[in-house]
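Student: Can you read through this structure? Questions will come right after.
2 protein chains.
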Amino acid sequence: MKRIKIKTIFEEKDCYSEKEVTICGWVRSNRSQAQFGFLNVNDGSCFSSIQVVYSDEMSNFASVSKFRVGMSLLVKGIVKLTPSMKQALELHATHIEMLGDCPENYPIQPKRHTREFLREVAHLRPRTNLFSAVFRVRSVAAYAIHTYFQKNGYVYVHTPLITCADCEGSDQMFKITTLDLKNLPLNQDGSIDYNKDLFGKQAFITGSGQLQGETFAMAFSDIYTFGPTFRTENSNTKTHANEFWMIEPEMAFCDLEGLMDIEEEMLKFVVKFVMDNCPEEIAFFDAFVEKGLKDRINNLLNSKFVRITHHDVIDILKKAKINWEFTPSYDDDIAKEHEKYITEYFNGPVFITNWPKDIKAYYMKVNPDNKTVAAVDLVVPGAGELMGGSQREENLDKLIERMDTLHVDKEGIDWYLDTRRYGGCVHSGFGMGFERLIMYLTGIENIRDVIPFPRTPKNCEF
Amino acid sequence: MKRIKIKTIFEEKDCYSEKEVTICGWVRSNRSQAQFGFLNVNDGSCFSSIQVVYSDEMSNFASVSKFRVGMSLLVKGIVKLTPSMKQALELHATHIEMLGDCPENYPIQPKRHTREFLREVAHLRPRTNLFSAVFRVRSVAAYAIHTYFQKNGYVYVHTPLITCADCEGSDQMFKITTLDLKNLPLNQDGSIDYNKDLFGKQAFITGSGQLQGETFAMAFSDIYTFGPTFRTENSNTKTHANEFWMIEPEMAFCDLEGLMDIEEEMLKFVVKFVMDNCPEEIAFFDAFVEKGLKDRINNLLNSKFVRITHHDVIDILKKAKINWEFTPSYDDDIAKEHEKYITEYFNGPVFITNWPKDIKAYYMKVNPDNKTVAAVDLVVPGAGELMGGSQREENLDKLIERMDTLHVDKEGIDWYLDTRRYGGCVHSGFGMGFERLIMYLTGIENIRDVIPFPRTPKNCEF
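Top line first, the protein sequences correspond to chains U and D.
Numbers 0 to 461, taken from numbering that gives the first Met the number 0, label the letters of the first sequence in order.
Numbers 0 to 461, taken from numbering that gives the first Met the number 0, label the letters of the second sequence in order.
Below, the structure written as structure tokens:
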């Protein structure tokens with residue numbers, strides 16, 4: 000008999016009522032009494048476990064009574080609807096069989112474990128309610144992102160991770176090599192002979208696919224990337240990891256206003272998709288991780304995102320009767336405390352536009368004031384910056400001028416400049432850190448708890 | 000007025016008939032005559048370009064007549080259905096505006112370019128018919144894969160790429176570091192002091208997420224990965240790249256037969272999804288890349304995949320009256336020539352099962368004969384091996400015995416062994432190289448032509 004997923008039984012409970020089914024899963028708890036007992040069995044197909052009722056009519060009642068948390072089981076039984084009880088249904092077991100044993104020292108016991116402890120057993124933590132919910136939401140959110148872009152005619156582009164262009168500044172990228180580090184081949188002048196390396200030159204792992212993405216936007220109009228990204232930052236904060244996933248859409252024939260329209264529509268689509276598909280998980284986060292999470296998310300869905308310039312944000316911050324740790328400045332970035340204030344001020348997500356050009360990247364379009372660029376950051380209540388994007392400088396001469404001013408190596412990325420030589424156009428793009436989104440959706444405050452196996456300084460286990 | 004995608008106009012042509020629309024795109028060709036002319040404009044939203052008819056009633060007729068291939072345009076016009084002609088509709092222009100110029104020396108001209116040349120301008124090649132089709136199919140196929148697994152309740156897991164466990168053999172992995180290679184810190188014994196590296200030990204970029212995937216399958220039952228993968232192989236063949244994308248599903252409570260059921264269902268779903276969503280592209284490949292491609296693909300959809308043991312395959316090969324370059328052997332891998340013969344012999348896809356254990360990995364389940372393992376390769380006509388998988392050894396003692404025999408370092412992956420200590424179960428998984436699938440779907444024979452920016456030995460441009 001084929002196993003049925005527990006999710007399917009819950010979803011189609013009227014079909015399965017009074018029918019015999021076979022499930023497989025892991026014991027979450029076992030409460031045994033003299034003549035009967037209750038096993039909670041979870042197969043990870045949904046947040047809920049199924050309650051299995053067993054009785055001493057079963058020949059192996061004595062051993063089932065002693066089944067331990069963590070064991071894997073096969074259970075045959077009759078589905079009984081229990082509309083008057085907390086759970087919608089029960090499984091009245093006719094056959095229970097242990098598939099895999101689990102010793103008493105199993106680290107995941109039905110009690111509250113600290114998240115710090117669970118990070119040490121990252122390979123086992125998806126067996127807890129919290130991480131089962133987090134990683135199911137992560138999966139559904141990833142699919143929501145693909146679905147949004149595919150339904151809207153974007154082409155998904157796998158931009159390369161290995162790069163030999165160090166335009167990002169090689170200090171921020173991991174070096175990769177196949178050379179023997181203990182015995183590096185040297186040129187006569189003592190420098191490393193990268194001719195002997197696999198690619199014939201020094202190679203890195205990149206932190207962005209934007210430039211390659213722009214070249215594809217010049218063929219497909221609308222493209223997106225979604226892949227892993229690497230930063231060498233030696234920073235041990237709650238929001239930094241050295242390996243994370245990022246989405247980078249790029250749209251031809253799209254200006255700053257159009258960019259904000261897309262960001263808002265995409266975010267609302269993804270958030271709604273997750274709420275529709277993970278109601279149990281969202282309810283769990285609302286109850287046990289962040290009280291009010293559901294209201295916060297609903298508020299985002301129902302609000303029209305504010306659009307305001309960086310200049311006007313600074314005005315508001317300066318007028319506020321607050322003793323800022325960082326003094327707001329028209330020429331500077333805004334600090335976390337400012338982001339928090341401004342999202343509370345508007346009680347919703349805020350697009351902050353037209354940033355001082357001196358603190359932004361070379362490829363952003365310089366505004367007619369020659370002081371600001373057509374960049375936009377989206378800041379949201381509770382999570383701060385969620386997306387960063389800009390209209391790109393489509394004028395070749397102006398782009399080169401900015402590259403020269405900022406000492407960006409043009410030679411290595413001459414191909415990128417071709418996007419401005421051959422049928423260039425107004426275009427825009429943004430980047431969204433995927434983990435930032437998951438933290439926003441779950442209320443989880445530490446990035447280490449939304450990545451299956453996080454990589455941070457001094458931490459590369461599993 | 001908002002631009003409309005050309006795909007939308009084709010798909011909803013009856014709605015748009017006689018209506019004015021605005022499109023943006025790039026000139027593919029321009030045939031101008033005395034009083035009128037025809038521009039083919041493509042915006043990458045679909046394979047087809049739209050035919051724009053312009054006449055000397057437009058004030059800028061003279062300059063439009065000279066518009067060059069590659070320029071980006073904005074066109075306003077009235078949609079006219081032309082059911083009697085080759086194209087379904089035309090756009091009768093009321094306004095044509097150049098957005099971005101394109102010089103005469105634009106490398107992508109409306110003529111046949113060699114694929115070798117186009118690899119040198121990989122950033123421009125998606126502007127050709129061939130690569131427009133290839134990369135649209137790549138995108139749709141990726142979405143098909145996500146859709147199959149998500150609809151079937153799999154959890155998408157982002158397994159880490161950075162690893163410090165060298166269980167795969169560090170020779171086959173890229174080393175990554177933040178250390179200054181020209182000035183490596185050394186221990187007193189002369190070895191490299193990896194304590195000073197970002198992770199505090201030597202790190203690599205991994206070639207598989209299977210082991211981490213297995214740990215998540217022990218919580219969610221069914222999981223899949225889909226991400227970039229790296230191999231250091233210094234091999235310049237048509238089927239090898241140093242960076243490629245791979246899908247690795249892993250299913251708990253699933254044996255070898257169940258694994259083959261899933262592989263077959265998944266492949267048929269993905270192939271059908273691409274045929275349904277990319278009919279123009281498939282027709283193009285059938286006409287210009289591989290004659291008979293459509294029949295080959297339809298044949299796969301309609302066939303029941305053969306299941307046969309490695310032993311029986313060798314029997315067939317030995318009986319064949321062929322002068323093999325590689326002699327078929329019961330103890331050995333099968334060669335490309337054998338794969339080709341066997342798919343032709345059965346005229347369809349073939350699952351080859353129960354391989355000699357000595358040529359397979361330590362984690363595969365040893366069969367009762369103690370000579371073979373419960374592994375399966377799927378070989379398909381025209382593309383050879385498309386997927387490789389196995390039932391995993393779920394018995395801890397037997398797994399450790401195999402690891403010891405094959406000198407696999409147990410210490411670094413003790414966490415992996417926990418999957419057999421705590422509620423282990425029969426489980427299976429497979430890997431599919433995504434590029435292999437795209438080559439199968441497009442008829443393209445060189446992996447460099449299905450990856451946006453391929454990385455191969457001595458080649459890391461863009």
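Glycine included, C-beta positions come from ideal geometry on N, C-alpha and C.
Alpha carbon to alpha carbon, what distance is there between D:P102 and U:K138?
Tutor: In the first sequence, counting from the first residue as 1, residue 138 of chain U sits at position 139. In the second sequence, counting from the first residue as 1, residue 102 of chain D sits at position 103. It should be noted that the sequence gives Ser, not Lys, for residue 138 of chain U. Answer to the nearest angstrom: the Cα atoms are 46 Å apart.
Student: How big is the Cα-Cα spacing for D:S54 and D:K4?
Tutor: Against the second sequence, residue 54 of chain D aligns to sequence position 55. Against the second sequence, residue 4 of chain D aligns to sequence position 5. Whole-angstrom Cα-Cα distance: 23 Å.
Student: Give the residues of chain D in contact with U:E242, contact being defined as C-beta atoms less than 8 Å apart.
Tutor: Looking up residue 242 of chain U in the first sequence gives position 243. The contacting residues are P159, L160 and I161.
Student: So that I know if they touch, is there some Cβ in chain D lying closer than 8 Å to that of U:H91?
Tutor: Along the first sequence, read from residue 1 onward, the residue named residue 91 of chain U stands at position 92. No, U:H91 does not count as interfacial toward chain D.
Student: Between the Cα of U:N241 and the Cα atoms of U:K1, U:C459 and U:S16, which residue gives the shortest distance?
Tutor: Translated into the one-based positions of the first sequence, residue 241 of chain U becomes position 242. Distance from the Cα of U:N241 is smallest, within the candidate group U:K1, U:C459 and U:S16, for U:C459.
Student: Bridge partners for D:T228 per DSSP, in chain order?
Tutor: Residue numbering aside, residue 228 of chain D sits at position 229 when the second sequence is read from its first letter. BP columns for D:T228 point to D:F243.
Student: Just checking my contact of D:V26 with D:L90 at CB under 8 Å: how many whole Å lie between their CB atoms?
Tutor: As a working mapping, residue 26 of chain D is identified with position 27 in the second sequence. As a working mapping, residue 90 of chain D is identified with position 91 in the second sequence. The pair is not a contact, with the Cβ atoms about 13 Å apart (cut-off 8 Å).
Student: Using a threshold of 7 Å, is the CB atom of D:D357 nearer than that to any non-hydrogen atom of the ligand FAD?
Tutor: Because no ligand of any kind appears in the structure shown, any question about the ligand FAD cannot be addressed here.
Student: Taking the straight line between their C-alpha atoms, what separation do you get for D:L178 and D:I161?
Tutor: Here residue 178 of chain D corresponds to residue number 179 of the second sequence, with the count starting at 1. Here residue 161 of chain D corresponds to residue number 162 of the second sequence, with the count starting at 1. Taking the straight line joining both Cα atoms gives about 16 Å.
Student: In whole angstroms, what is the alpha-carbon distance linking U:S48 and U:N39?
Tutor: To locate residue 48 of chain U, count along the first sequence from 1; it is residue 49. To locate residue 39 of chain U, count along the first sequence from 1; it is residue 40. Cα-Cα distance, rounded: 6 Å.
Student: For D:I246, would you say it is in contact with chain U, using Cβ-to-Cβ distances shorter than 8 Å as the test?
Tutor: Taking the first residue of the second sequence as 1, we reach residue 246 of chain D at position 247. Answer no: the Cβ-Cβ gap between D:I246 and chain U never drops below 8 Å.
Student: Using a C-beta cutoff of 8 Å, does D:K181 count as contacting chain U?
Tutor: Here residue 181 of chain D refers to the residue found at position 182 when the second sequence is read from its first residue. True, the Cβ-Cβ gap to chain U drops below 8 Å.
Student: Of all the options U:P367, U:K12 and U:H309, which has the alpha carbon lying nearest to the alpha carbon of U:F350?
Tutor: Walking along the first sequence from the start, residue 350 of chain U turns up at place 351. That would be U:H309, whose Cα lies nearest to the Cα of U:F350.
Student: Is any beta-carbon of chain U found at less than 8 Å from that of D:M274?
Tutor: As a working note, residue 274 of chain D is residue 275 in the second sequence. It does not: the Cβ of D:M274 has no partner Cβ on chain U nearer than 8 Å.
Student: Counting only Cβ-Cβ distances shorter than 7 Å, please list the residues of the region 143–158 of chain U near chain D, keeping chain order.
Tutor: H145, Q149, G152, V154, Y155, V156, H157 and T158
Student: Name the chain U residues that come within less than 9 Å of D:D417, Cβ to Cβ?
Tutor: Locating residue 417 of chain D in the second sequence gives position 418, where the first residue counts as 1. Correct list: P106, V120, H122 and L123.
Student: Quick one: is U:T236 near chain D, going by C-beta distance under 8 Å?
Tutor: Translated into the one-based positions of the first sequence, residue 236 of chain U becomes position 237. Chain D, which has no Cβ nearer than 8 Å to the Cβ of U:T236, makes this no.
Student: Would you please verify whether the beta carbon of U:N59 is less than 8 Å from any beta carbon of chain D?
Tutor: To locate residue 59 of chain U, count along the first sequence from 1; it is residue 60. False, the Cβ-Cβ gap to chain D never drops below 8 Å.
Student: Chain D partners of U:A141, CB-CB under 7 Å?
Tutor: Stepping through the first sequence from its first residue, residue 141 of chain U is reached at position 142. Under the 7 Å cutoff, chain D gives Y155.
Student: Enumerate in chain order the residues of its own chain whose CB-to-CB distance from D:T21 is below 8 Å, with the five nearest sequence positions on each side excluded.
Tutor: For the purposes of this step, residue 21 of chain D is taken as the residue at position 22 of the second sequence. Once the five neighbours on either side are set aside, the close Cβ partners of D:T21 are M0, K1, R2, I3, L73, V74 and K75.
Student: Helix, strand or coil for D:P125 per DSSP?
Tutor: Locating residue 125 of chain D in the second sequence gives position 126, where the first residue counts as 1. It is helical.
Student: Count the other CB atoms, across all protein chains shown, that sit within 10 Å of the CB of D:T404; report buried if there are 16 or more and exposed otherwise.
Tutor: Position 405 of the second sequence, counted from the first residue, corresponds to residue 404 of chain D. Under this definition D:T404 is an exposed residue.
Student: By Cβ distance below 7 Å, which residues in the same chain neighbour D:A319 in space, the five residues on each side in sequence not counted?
Tutor: In the second sequence, the residue the question calls residue 319 of chain D occupies position 320. Y340.
Student: At the level of alpha carbons, what is the spacing between D:G430 and U:Y105?
Tutor: By one-based count along the second sequence, residue 430 of chain D stands at place 431. By one-based count along the first sequence, residue 105 of chain U stands at place 106. One C-alpha to the other measures close to 30 Å.
Student: Please go through the region 72–121 of chain D and give each complete beta strand (DSSP E) segment of 3 or more residues, from N-terminal end onward.
Tutor: List check, beta strand (DSSP E) in window: 88–99.
Student: Do the CB positions of D:V154 and D:I222 come within less than 8 Å of each other?
Tutor: Along the second sequence, read from residue 1 onward, the residue named residue 154 of chain D stands at position 155. Along the second sequence, read from residue 1 onward, the residue named residue 222 of chain D stands at position 223. In this structure, D:I222 lies closer than 8 Å to D:V154 by Cβ.
Student: Near U:G428, what residues of its chain come up, given a Cβ to Cβ distance below 8 Å and the 5 sequence neighbours on each side ignored?
Tutor: As a position in the first sequence, residue 428 of chain U is number 429, starting the count at 1. Q209, G212, E213, A216, E247, P248, E249, M250, L258, G388, S389 and R391, listed in sequence order.
Student: Quick check on D:Y15 - is its C-beta less than 8 Å from some C-beta in chain U?
Tutor: Numbered from 1 along the second sequence, position 16 holds the residue referred to as residue 15 of chain D. No, D:Y15 does not count as interfacial toward chain U.
Student: Interface residues of chain U around D:Q408 at Cβ under 7 Å?
Tutor: In the second sequence, the residue the question calls residue 408 of chain D occupies position 409. Position check: residue 408 of chain D holds Asp in this sequence, whereas Gln was assumed. Residues of chain U passing the Cβ test: none, with the nearest at roughly 14 Å.
Student: Would you report the Cα separation of U:V133 and D:I321, rounded to the nearest angstrom?
Tutor: For the purposes of this step, residue 133 of chain U is taken as the residue at position 134 of the first sequence. For the purposes of this step, residue 321 of chain D is taken as the residue at position 322 of the second sequence. Straight-line Cα distance between these residues: approximately 56 Å.
Student: Counting only C-beta atoms, is U:G432 closer than 8 Å to chain D at any point?
Tutor: Residue 432 of chain U sits at position 433 when you count from the first residue of the first sequence. No, U:G432 does not count as interfacial toward chain D.
Student: Considering only C-alpha positions, which residue in the set D:I446, D:V63, D:N445 and D:L440 is nearest to D:F283?
Tutor: Indexing the second sequence from 1 puts residue 283 of chain D at position 284. Of D:I446, D:V63, D:N445 and D:L440, the residue nearest in Cα terms is D:L440.
Student: Can we say the region 417–428 of chain U touches the region 295–306 of chain U, given the rule of at least three CB pairs closer than 8 Å?
Tutor: no
Student: Against chain U, with Cβ distances strictly below 8 Å, would D:N233 count as a contact?
Tutor: Residue 233 of chain D sits at position 234 when you count from the first residue of the second sequence. Yes, D:N233 counts as interfacial toward chain U.
Student: State the Cα-Cα distance for the pair U:M57 and U:S64, rounded to the nearest angstrom.
Tutor: Within the first sequence, residue 57 of chain U is the residue found at index 58, counting from 1. Within the first sequence, residue 64 of chain U is the residue found at index 65, counting from 1. Distance between the alpha carbons of U:M57 and U:S64 is about 11 Å.
Student: Across which residues does DSSP place D:I175 in a beta bridge pair?
Tutor: Locating residue 175 of chain D in the second sequence gives position 176, counting from the first residue. Paired residues: U:I175 and D:A202.
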